[in-house]
Amino acid sequence: MQAAAAGPIKPPSFVNIRKADKPFWESIVRARTRDSWTDSDLVLAGNLARCLSDIERLQKEIDVEGDVLTNDRGTQVINPKHNLLETLSRRAVALSRTLQVHAQATQGESRDQGKKATKQRAAEKVLANQDDDDLIPRAMH
1 MQAAAAGPIK PPSFVNIRKA DKPFWESIVR ARTRDSWTDS DLVLAGNLAR CLSDIERLQK
61 EIDVEGDVLT NDRGTQVINP KHNLLETLSR RAVALSRTLQ VHAQATQGES RDQGKKATKQ
121 RAAEKVLANQ DDDDLIPRAM H
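Following UniProt numbering, the numbering of the sequence shown begins with 1 at its first residue and continues without gaps.
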């Protein structure tokens, strides 16, 4: 409880987190318990946060520029930012695995996810089939 009340872990002073990296940093450090982070983990978390931020920035640029560009000779070529995007994506996957913040580490085996999803759908179906008699209070959103 105390760890949750302390808020997200702050990056060490020697780890550069840019303004655009901060949402990624906070998401990454919340993926594990506060006391499980070592200084070297936080360095890698900083790398991952910058990597994910750069992926989003590059994708926005590609969305504007297009997948195919015309070079100086008039030949159409694939946007070179795709190569960088691929490199950053591979780096993000590797860092996520190293830090144990990837889906399998945080959510469990995919076969178990199906069971959770089935339970979720069953609960939604029960709620959808309930009468609107207002006798039994339930969460409203």
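By construction, the Cβ of each residue, glycine as well, lies at the ideal position given by its N, Cα and C atoms.
Look at the region 12–55 and you find these whole runs of alpha helix (DSSP H), each 4 residues long or longer: 22–29. Comparing C-alpha distances from I17 to each of G46, I9 and E26 shows the shortest one belongs to G46. Counting only the Cα atoms, L88 lies some 6 Å from I55.
Secondary-structure assignment with DSSP links I78 through a beta bridge to V68. Contact between V101 and A31 holds: CB atoms are separated by about 4 Å, below the 8 Å threshold. The Cβ-Cβ distance between V64 and I78 does not fall below 8 Å.
No Cβ-Cβ contact shorter than 8 Å links R50 with I9.
By the neighbour-count criterion, in which a residue is buried when 16 or more other Cβ atoms sit within 10 angstroms of its Cβ, S53 is buried. Per DSSP, reduced to three states, the secondary structure at V93 is helical.
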